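Chains as they are written, first to last, in the working numbering: chain A, 8 to 150; chain B, 8 to 150; chain C, 15 to 97; chain D, 15 to 97.
All C-beta atoms, glycine included, are put in the ideal place defined by N, C-alpha and C.
In this text the structure is predicted, and so the values were computed from the model without any measurement.
Input: a single structure, listed below in structure tokens.
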Amino acid sequence: MAARVQAEPFDPARELAALGEGAGAVVSFTGIVRDDGDLAALEIEHYPGMTEAALAEYGQGAAARFALTGWRIVHRHGRLQVGEPIMMVATAALHRRAAFDAADYLMDWLKSRAPFWKREIRRDGSSAWVEARAEDEASLARW
Amino acid sequence: MAARVQAEPFDPARELAALGEGAGAVVSFTGIVRDDGDLAALEIEHYPGMTEAALAEYGQGAAARFALTGWRIVHRHGRLQVGEPIMMVATAALHRRAAFDAADYLMDWLKSRAPFWKREIRRDGSSAWVEARAEDEASLARW
Amino acid sequence: MAVEVLYFAWVRERVGLPRETVETGAATMRDLLAELALRSAGHAAALGDHAALRCAIDQQLAGLDAPLVGAREVAIFPPMTGG
Amino acid sequence: MAVEVLYFAWVRERVGLPRETVETGAATMRDLLAELALRSAGHAAALGDHAALRCAIDQQLAGLDAPLVGAREVAIFPPMTGG
């Protein structure tokens with residue numbers, strides 16, 4: 008039952024420890040900086056104060072809606088290298104469907120409603136802000 | 008890219024290590040023995056030989072269908088205590104949707120098509136085989 | 015032909031054996047189930063309700079009407095409950 | 015009233031400031047955007063296309079027609095791209 012925003016790397020495996028207590032199912036999602044050919048790094052900006060509150064609110068909303076026995080959200084900001092985990096969501100519930108759906112739901116909220124902005128930095132030094140994708144917004148509309 | 012069946016406990020966190028290499032998204036599902044009130048233990052029987060082949064086949068099928076960059080299935084057999092992980096599925100892909108769908112798909116196959124049978128052992132010593140649920144079969148029909 | 019027959023879960027318990035070798039001329043799993051059910055009261059109790067059974071032929075899931083020709087190992091069991 | 019205005023991502027870059035305090039009588043975010051756009055060429059470039067902007071009032075996401083009355087902190091930014 009915790010949401011965190013941090014510049015430091017985190018260990019997805021460690022975040023999962025103890026989350027399954029009393030649960031029958033645990034689902035985790037980890038997003039990783041992926042080299043699409045010439046990506047040097049990712050820079051993530053966020054809205055301090057609002058971010059923490061929004062993540063906690065979305066987590067609590069998912070916990071109520073899907074009757075979670077536990078949940079966790081960790082999201083990094085700052086400069087991230089290729090291969091580093093960007094964020095993770097983990098959900099624990101009595102049954103499989105609830106854990107899957109809650110993780111999927113939280114990812115949709117995070118992608119389109121949490122105040123983070125990503126900038127891709129290329130190997131040649133150029134950079135560009137990542138544009139929001141219509142399919143992410145459409146995915147959120149499922150719920 | 009591995010399926011394992013074993014009597015020994017496993018560490019879900021450890022299974023995830025290195026799975027994200029080259030991926031943008033990793034999803035994991037862990038099933039845990041849950042005390043529903045008076046459960047003492049779970050006993051899992053399987054079909055040695057067929058089980059390993061079936062898990063590898065389902066894993067490879069999911070890898071091809073969802074263009075996975077990595078996957079892992081671990082399933083235990085024998086006697087399991089409350090709170091112990093029963094099995095896990097982990098999938099890695101370039102994008103979020105593929106990783107989520109592949110894990111969901113593999114769970115549907117595992118639940119209804121992998122040769123495992125569960126028996127619940129109660130605190131009073133009585134026991135009963137778990138019955139297959141119509142909703143698991145229906146869930147598989149989605150794909 | 016000689017076929018190795020494996021039983022699992024409550025099918026195994028009712029039959030009272032984990033496996034047995036049978037000599038059969040059955041053309042399909044359905045025919046084999048009918049033959050096996052005559053072997054004992056336990057076999058009859060385990061194998062009478064076809065809707066409650068699932069099968070594998072040489073370690074591949076198969077329907078009750080799948081042909082048995084060439085099969086070396088068949089398995090009979092309840093619907094699976096893994097995961 | 016005095017409102018603290020925060021900018022993020024390319025909105026921040028185009029405006030050239032991460033935040034500023036403005037004195038305004040704007041009734042809604044839309045009115046405020048129109049006022050702010052007059053401040054500089056950078057503001058105009060950042061705030062001209064309302065469809066490309068998202069807002070928060072006192073750290074809660076809000077539509078462009080949300081009332082500003084009582085607001086102490088507003089934020090203007092592009093569509094979010096977390097996760």
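A/Glu52: buried (16+ other C-beta within 10 angstroms of its C-beta) or exposed? Counted from its first residue, the first sequence places residue 52 of chain A at position 45. Buried, since its Cβ has 16 or more Cβ neighbours within 10 Å.
Cutting at 6 Å between CB atoms, please list the residues of its own chain near A/Thr58, excluding the five before and the five after it. The residue given as residue 58 of chain A occupies position 51 in the first sequence. Here the set comprises Val12, Pro122.
Is DSSP giving A/Ser119 helix, strand or coil here? Within the first sequence, numbered from 1, the residue matching residue 119 of chain A stands at position 112. Of the three classes helix, strand and coil, the one that applies to A/Ser119 here is helix, per DSSP.
Between the Cα of B/Ile98 and the Cα atoms of B/Val89, B/Arg86, B/Pro92, B/Val81, which residue gives the shortest distance? Mapped onto the second sequence, residue 98 of chain B falls at position 91. Contrary to the premise, residue 98 of chain B reads as Thr rather than Ile in this sequence. That would be B/Val81, whose Cα lies nearest to the Cα of B/Thr98.
Report the rounded CA-to-CA distance for B/Lys118 versus C/Gly97, giving the unit in angstroms. What you label residue 118 of chain B is simply residue 111 of the second sequence in a count that begins at 1. What you label residue 97 of chain C is simply residue 83 of the third sequence in a count that begins at 1. Approximately 5 Å, taken between the alpha carbons.
Per the contact definition of three or more C-beta pairs closer than 8 Å, is the region 13 to 22 of chain B in contact with the region 63 to 80 of chain A? no
List the residues of chain B whose Cβ lies closer than 7 Å to the Cβ of A/Asp111, in chain order. Position 104 of the first sequence, counting from 1, holds the residue named residue 111 of chain A. Those are Phe107, listed as they occur along chain B.
With 8 Å as the threshold, decide whether the Cβ of A/Glu15 is near any Cβ in chain D. Taking the first residue of the first sequence as position 1, residue 15 of chain A is located at position 8. Chain D, which has no Cβ nearer than 8 Å to the Cβ of A/Glu15, makes this no.
Leaving aside the five residues before and after A/Gly85 along the sequence, list all residues of the same chain whose C-beta is less than 8 Å from its C-beta, in chain order. Your numbering for residue 85 of chain A matches position 78 in the first sequence. Correct list, in chain order: Ala14, Glu50, Ile51.
8 Å Cβ cut-off: residues of chain C touching B/Gly38: To locate residue 38 of chain B, count along the second sequence from 1; it is residue 31. Residues of chain C passing the Cβ test: Gly97.
On the criterion of 16 or more Cβ atoms from any shown chain inside 10 Å, does C/Thr35 qualify as buried, or is it exposed? Translated into positions along the third sequence, residue 35 of chain C becomes position 21. Residue burial is scored here from C-beta neighbours: C/Thr35 has fewer than 16 other C-beta atoms within 10 angstroms and is therefore classed as exposed.
With 8 Å as the threshold, decide whether the Cβ of B/Val137 is near any Cβ in chain C. As a working note, residue 137 of chain B is residue 130 in the second sequence. Interface residue, yes.
How would you label C/Pro92, buried or exposed, when you count the other beta carbons within 10 angstroms and need 16 or more for buried? Taking the third sequence and counting its residues from 1, one reaches residue 92 of chain C at position 78. Flag for C/Pro92 reads buried.
Bridge partners of B/Pro92, per DSSP? For this step, residue 92 of chain B is matched to residue 85 along the second sequence. DSSP, once it has assigned bridges, lists B/Ile39 as partnering B/Pro92.
What residue does the beta strand (DSSP E) around D/Ala40 start on, and which one ends it? Within the fourth sequence, numbered from 1, the residue matching residue 40 of chain D stands at position 26. Under the DSSP assignment, D/Ala40 falls outside any beta strand (DSSP E); it carries neither an H nor an E label.
At a cut-off of 7 Å, is A/His102 close to the ligand MG when judged by its beta-carbon and the heavy atoms of the ligand? This structure lacks the ligand MG, and indeed carries no ligand of any kind.
The region 31 to 39 of chain B contacting the region 32 to 39 of chain A, beta-carbon criterion three pairs below 8 Å: yes
Between the alpha carbons of D/Arg44 and D/Val83, how many angstroms are there, rounded? For the purposes of this step, residue 44 of chain D is taken as residue 30 along the fourth sequence, with counting starting at 1. For the purposes of this step, residue 83 of chain D is taken as residue 69 along the fourth sequence, with counting starting at 1. Looking at the two C-alpha atoms, the distance is approximately 13 Å.
Where the beta strand (DSSP E) through A/Ser146 begins and ends: Working through the first sequence from its first residue, we reach residue 146 of chain A at position 139. Under the DSSP assignment, A/Ser146 falls outside any beta strand (DSSP E), being part of the alpha helix (DSSP H) whose first and last residues are 141 to 147.
DSSP has A/Phe107 in a bridge; who is on the other side? Taking the first residue of the first sequence as 1, we reach residue 107 of chain A at position 100. Note: A/Phe107 sits in no beta bridge, so no partner.
Excluding the 5 residues preceding and the 5 following B/Met94 in the sequence, name in chain order all residues of the same chain whose CB lies nearer than 8 Å to its CB. Taking the first residue of the second sequence as position 1, residue 94 of chain B is located at position 87. Thr37, Gly38, Ile80, Val81, His82, Arg83, Leu117, listed in sequence order.
Identity of the residue in D/His57, D/Leu52, D/Met15 nearest D/Tyr21 by Cα: As a first step, residue 21 of chain D must be located in the fourth sequence, where it is residue number 7. Checking every option, the nearest Cα to that of D/Tyr21 belongs to D/His57.
Extent of the continuous beta strand (DSSP E) run through B/Arg11: Reading the second sequence from its first residue, position 4 is the one you call residue 11 of chain B. Taken as a continuous stretch (DSSP letters only), the beta strand (DSSP E) holding B/Arg11 covers 9 to 13.
With 16 other CB atoms within 10 Å as the buried threshold, where does B/Pro55 fall? Numbered from 1 along the second sequence, position 48 holds the residue referred to as residue 55 of chain B. When all chains shown are included, B/Pro55 counts as exposed.
Under 7 Å by beta carbon: chain A residues contacting D/Leu75: Your numbering for residue 75 of chain D matches position 61 in the fourth sequence. Near D/Leu75 (Cβ distances below 7 Å), the residues of chain A are Arg120.
Chain B contact residues for C/Met94, given Cβ-Cβ distances below 8 Å: In the third sequence, counting from the first residue as 1, residue 94 of chain C sits at position 80. Those are Lys118, Ser119, Arg120, Ala121, Pro122, Phe123, Trp124, Ala139, listed as they occur along chain B.
Neighbour flag for A/Tyr65 against chain D, beta carbons, 8 Å: By 1-based counting over the first sequence, the position of residue 65 of chain A is 58. So, not an interface residue.
With a cut-off of 8 Å, does the C-beta of D/Ala58 fall near any C-beta of chain A? For the purposes of this step, residue 58 of chain D is taken as the residue at position 44 of the fourth sequence. No, because no Cβ of chain A sits closer than 8 Å to the Cβ of D/Ala58.
Which same chain residues, not among the five before or five after A/Glu22, have their C-beta less than 7 Å away from its C-beta? Here residue 22 of chain A corresponds to residue number 15 of the first sequence, with the count starting at 1. Only Arg79, Val81, Met95, Ala97 meet the Cβ criterion.
So which residues of chain B does C/Ala70 contact, with C-beta pairs closer than 8 Å? Counting from one through the third sequence, the residue named residue 70 of chain C turns up at place 56. Within chain B, the residues Tyr54, Met57, Pro122 have their CB atoms less than 8 Å from the CB of C/Ala70, given in chain order.
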